[in-house]
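*Asks:* Using numbering that gives the first Met the number 0, you'd call the opening residue of the sequence shown number 0 and step up by one each time.
We put the CB at the ideal spot given by N, CA and C, even for glycine.
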Amino acid sequence: MNKPLMVLMAAAAIAVGTGVYLTAPSSNAAPAAKASEKGHGAKGHGDKGGDKGHAHAEEGIVQMSDAKVAAAGIEILTATPGTLRNSIILNGILQPNQEALVQVTPRFPGVVREIKKRIGDTVEKGELLAKIESNQSLTVYEMRAPISGTVIDRQISLGEYASEQKPAFIVADISTVWVDLSVYRRDLPRVRIGDTVQIDVGDGGTPIEAKLSYVSPVGSSDTQSALVRAVVANDGMRLRTGLFVSARLILSAKQVPVAVKGTALQTVENKNVVFVRNGETFETREVEIGSRDFENVEIVFGLMDGDRYAAKNSFVVKAELGKSEASHDH
Numbered sequence: 000m001n002k003p004l005m006v007l008m009a010a011a012a013i014a015v016g017t018g019v020y021l022t023a024p025s026s027n028a029a030p031a032a033k034a035s036e037k038g039h040g041a042k043g044h045g046d047k048g049g050d051k052g053h054a055h056a057e058e059g060i061v062q063m064s065d066a067k068v069a070a071a072g073i074e075i076l077t078a079t080p081g082t083l084r085n086s087i088i089l090n091g092i093l094q095p096n097q098e099a100l101v102q103v104t105p106r107f108p109g110v111v112r113e114i115k116k117r118i119g120d121t122v123e124k125g126e127l128l129a130k131i132e133s134n135q136s137l138t139v140y141e142m143r144a145p146i147s148g149t150v151i152d153r154q155i156s157l158g159e160y161a162s163e164q165k166p167a168f169i170v171a172d173i174s175t176v177w178v179d180l181s182v183y184r185r186d187l188p189r190v191r192i193g194d195t196v197q198i199d200v201g202d203g204g205t206p207i208e209a210k211l212s213y214v215s216p217v218g219s220s221d222t223q224s225a226l227v228r229a230v231v232a233n234d235g236m237r238l239r240t241g242l243f244v245s246a247r248l249i250l251s252a253k254q255v256p257v258a259v260k261g262t263a264l265q266t267v268e269n270k271n272v273v274f275v276r277n278g279e280t281f282e283t284r285e286v287e288i289g290s291r292d293f294e295n296v297e298i299v300f301g302l303m304d305g306d307r308y309a310a311k312n313s314f315v316v317k318a319e320l321g322k323s324e325a326s327h328d329h
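1. Which word fits F168, buried or exposed, when buried means at least 16 other C-beta atoms lie within 10 angstroms of its C-beta?
2. Using DSSP's beta-bridge definition, name the partner residues of L320.
3. Less than 6 Å between C-beta atoms, sequence neighbours within five positions excluded: which residues of the same chain meet that for A258?
4. Taking DSSP as the reference, what is the three-state secondary structure of V315?
5. Is D348 helix, strand or coil when you go by DSSP?
6. What separation, rounded to the nearest whole angstrom, lies between the Cα atoms of A232 and V196?
7. When DSSP labels each residue in this structure, what does V68 get in the three-state scheme?
8. In terms of residues, what are the limits of the beta strand (DSSP E) holding E285?
9. E58 lies in the alpha helix (DSSP H); which residues open and close that run?
10. I'd like the list of long-range same chain contacts for K317, defined as Cβ closer than 6 Å, with 5 residues on each side in sequence excluded.
11. What are the start and end residues of the beta strand (DSSP E) that includes L339?
12. Please name the residue in R184, P95, L100 and N134 whose C-alpha comes closest to that of P108.
13. For A209, which residues in the same chain have their Cβ closer than 6 Å to its Cβ, ignoring the five residues on either side in sequence?
14. To which residues does DSSP link Q265 through a beta bridge?
15. Would you kindly work out how many angstroms separate the C-alpha atoms of R117 and F243, rounded to a whole number?
16. Along the beta strand (DSSP E) that carries G235, what are the first and last residues, could you check?
17. According to DSSP, D186 sits in a beta bridge with which residue or residues?
18. Looking only at its chain, what residues have a beta carbon closer than 8 Å to the beta carbon of S251, apart from the 5 residues adjacent to it on each side?
19. Take L4 and list the residues in its own chain whose beta-carbon comes closer than 8 Å to its own, dropping the five residues that flank it on each side.
20. Report buried or exposed for L137, applying the criterion of at least 16 other Cβ atoms within 10 angstroms of its Cβ.
21. Using 8 Å as the Cβ pair cut-off and three pairs as the minimum, do the stretch 88-101 and the stretch 168-187 touch?
22. Helix, strand or coil for E98, going by three-state DSSP, please let me know.
23. Just to check my reading of the structure: G59 and E279 have Cβ atoms closer than 8 Å, yes? What is that Cβ distance to the nearest angstrom?
24. I need the DSSP call for M303, collapsed to helix, strand or coil.
25. Return the first residue and the last residue of the beta strand (DSSP E) that L137 is part of.
26. Here's a check: name, in chain order, each residue in its chain whose Cβ is nearer than 6 Å to the Cβ of R189, leaving out the five neighbours to either side.
27. In angstroms, rounded to a whole number, what distance separates the CA positions of D172 and S147?
28. Only counting the same chain, and skipping five residues up and downstream in sequence, which positions put a Cβ closer than 7 Å to that of T262?
29. Any heavy atom of the ligand SAH closer than 7 Å to the Cβ of P188?
30. If we ignore side chains and look at the alpha-carbon of each, how far apart do V122 and I207 end up?
31. With K253 as the anchor, note down where its beta strand (DSSP E) starts and where it stops.
32. Quick check on E57: buried or exposed, where buried means 16 or more other Cβ atoms within 10 Å of its Cβ?
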């Protein structure tokens, strides 16, 4: 075989070998790709910066120190068994207890010669109120308090004519007062003597709880309502007759295994949630709610008796959760 032909055949063999090498699958290619993919995933979850926070945001975890919670005014309460109350709101007025009130009227008409007591003065039974000079005998007689109490009205002045037709003083024992409330006709069938009322005096203090002692058998044609009444102890002279009050009349009560404040409920992704306190974090806990009243909500599923949760200002935790998720989305 001549030399040019041999060179040509050798070149062809080299070309064929190279083609086979280029088209043959590499045994290490797939594992390398998988390792690369695995390494990329591990990097995403193992990052100690934003990706870790993103994982927490997805899990509904909000980091808040105790100091930050206190500064935000977030109230932490404990989920416990509770009582839910069906109630209606009533408006009314504080009145003197008419069963402990006396109108003091002159025995004889005459001129007022001396006055010893003013409105607001406290008196003991038998204490001197005023002196009147009788027009009939021209002698001076005394008007004395028939009961111990407080002078809540005075209708005479020094030197004027006092008539036996008009009370000169009204003395009342204001250690108790009447709370007169109006009930509209649609609610009257549900109201009974002995029902509990929680009275809001409007002074920012704790409501006063009392029982209804009277339900009027007649109504008012003007307001289409009827009067109900509670007699309330006037501790510390907190109740001032003539002032308006509101009251919550409790119609029924239901015991539930777990209840939280209504202010604890928030909505995240159209789901009812409560933020449960664990250490220095809040966990977003989806809950199923049952009955509720003006203050508390029954939790059917999602919380246990003893769980600590954000009650007042829970919306601050929701805002923190939203900021955390928004920062990691970018």
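*Replies:* Let me spell this out:
1. What you label residue 168 is simply residue 169 of the sequence shown in a count that begins at 1. That one is buried.
2. Along the sequence shown, read from residue 1 onward, the residue named residue 320 stands at position 321. Note: L320 sits in no beta bridge, so no partner.
3. Reading the sequence shown from its first residue, position 259 is the one you call residue 258. Same-chain partners within the cutoff: G81, N295 and E297.
4. Working through the sequence shown from its first residue, we reach residue 315 at position 316. The answer is helix: DSSP assigns V315 an H, G or I state.
5. Given that the chain is displayed from residue 0 to residue 329, the structure contains no residue 348 and the question cannot be resolved.
6. As a working note, residue 232 is residue 233 in the sequence shown. As a working note, residue 196 is residue 197 in the sequence shown. For A232 and V196, the gap between their C-alpha atoms comes out near 14 Å.
7. Numbered from its first residue, the sequence shown carries residue 68 at position 69. In this structure, V68 counts as helix in the three-state DSSP scheme.
8. One-based indexing of the sequence shown puts residue 285 at position 286. Residues T280 to E285.
9. On the sequence shown, residue 58 is found 59 positions in, with the first residue counted as 1. Where E58 is concerned, the enclosing alpha helix (DSSP H) stretches over G49 to E58.
10. To locate residue 317, count along the sequence shown from 1; it is residue 318. Cβ-Cβ distances below 6 Å link K317 to Q265 in the same chain, with the five nearest sequence neighbours on each side left out; the list follows chain order.
11. Residue 339 lies beyond the residue range present for the chain, which begins at 0 and ends at 329; the question has no answer from this structure.
12. Here residue 108 refers to the residue found at position 109 of the sequence shown. Nearest option by C-alpha distance: N134.
13. Taking the first residue of the sequence shown as position 1, residue 209 is located at position 210. So the qualifying residues of the chain are V196, A229 and V231.
14. Taking the sequence shown and counting its residues from 1, the one referred to as residue 265 is at position 266. DSSP lists V272 as partners of Q265.
15. Stepping through the sequence shown from its first residue, residue 117 is reached at position 118. Stepping through the sequence shown from its first residue, residue 243 is reached at position 244. So the two alpha carbons sit approximately 25 Å from each other.
16. Position 236 of the sequence shown, counting from 1, holds the residue named residue 235. Segment: none, G235 is in no beta strand (DSSP E) and carries neither H nor E.
17. Residue 186 sits at position 187 when you count from the first residue of the sequence shown. Within the DSSP bridge table, the entry for D186 names no partner.
18. Residue 251 sits at position 252 when you count from the first residue of the sequence shown. If the five residues before and after S251 are omitted, its C-beta is found closer than 8 Å to the C-beta atoms of R84 and N85, all from its own chain and listed in chain order.
19. Taking the first residue of the sequence shown as 1, we reach residue 4 at position 5. Caution applies to L4, whose pLDDT of 40 falls short of 50 and renders its modelled position unreliable; the value that the coordinates give is listed next. Apart from sequence neighbours up to five positions away, no residue of its chain approaches L4 with a beta-carbon distance below 8 Å.
20. If you number the sequence shown from 1, residue 137 lands on position 138. L137 is classed as exposed because its beta carbon has fewer than 16 other beta carbons within 10 Å across all chains shown.
21. Because the criterion of three Cβ pairs below 8 Å is met, the stretch 88-101 and the stretch 168-187 touch.
22. Counting from 1 along the sequence shown, the entry for residue 98 is found at position 99. In the structure shown, the three-state DSSP call for E98 is helix.
23. Within the sequence shown, residue 59 is the residue found at index 60, counting from 1. Within the sequence shown, residue 279 is the residue found at index 280, counting from 1. Going by Cβ atoms, the distance from G59 to E279 rounds to 15 Å, so no, they are not a contact pair.
24. Position 304 of the sequence shown, counting from 1, holds the residue named residue 303. Per DSSP, reduced to three states, the secondary structure at M303 is coil, with no helix or strand assignment.
25. One-based indexing of the sequence shown puts residue 137 at position 138. Here L137 belongs to no beta strand (DSSP E), and DSSP marks it neither H nor E.
26. Reading the sequence shown from its first residue, position 190 is the one you call residue 189. So the list reads L250, once near-sequence residues are dropped.
27. Here residue 172 corresponds to residue number 173 of the sequence shown, with the count starting at 1. Here residue 147 corresponds to residue number 148 of the sequence shown, with the count starting at 1. Taking the straight line from one Cα to the other gives about 7 Å.
28. Within the sequence shown, the letter at position 263 stands for residue 262. A310, K311 and S313.
29. As far as ligands go, the structure on display features none, and thus does not contain the ligand SAH.
30. Numbered from its first residue, the sequence shown carries residue 122 at position 123. Numbered from its first residue, the sequence shown carries residue 207 at position 208. So the two alpha carbons sit approximately 27 Å from each other.
31. Residue numbering aside, residue 253 sits at position 254 when the sequence shown is read from its first letter. That run of the beta strand (DSSP E) goes F243 to K260.
32. In the sequence shown, the residue the question calls residue 57 occupies position 58. Because the pLDDT at E57 is just 49, under 50, the model does not fix this residue reliably, and the value given afterwards should be weighed accordingly. Around the CB of E57, fewer than 16 other CB atoms lie within 10 Å, so the residue is classed as exposed.
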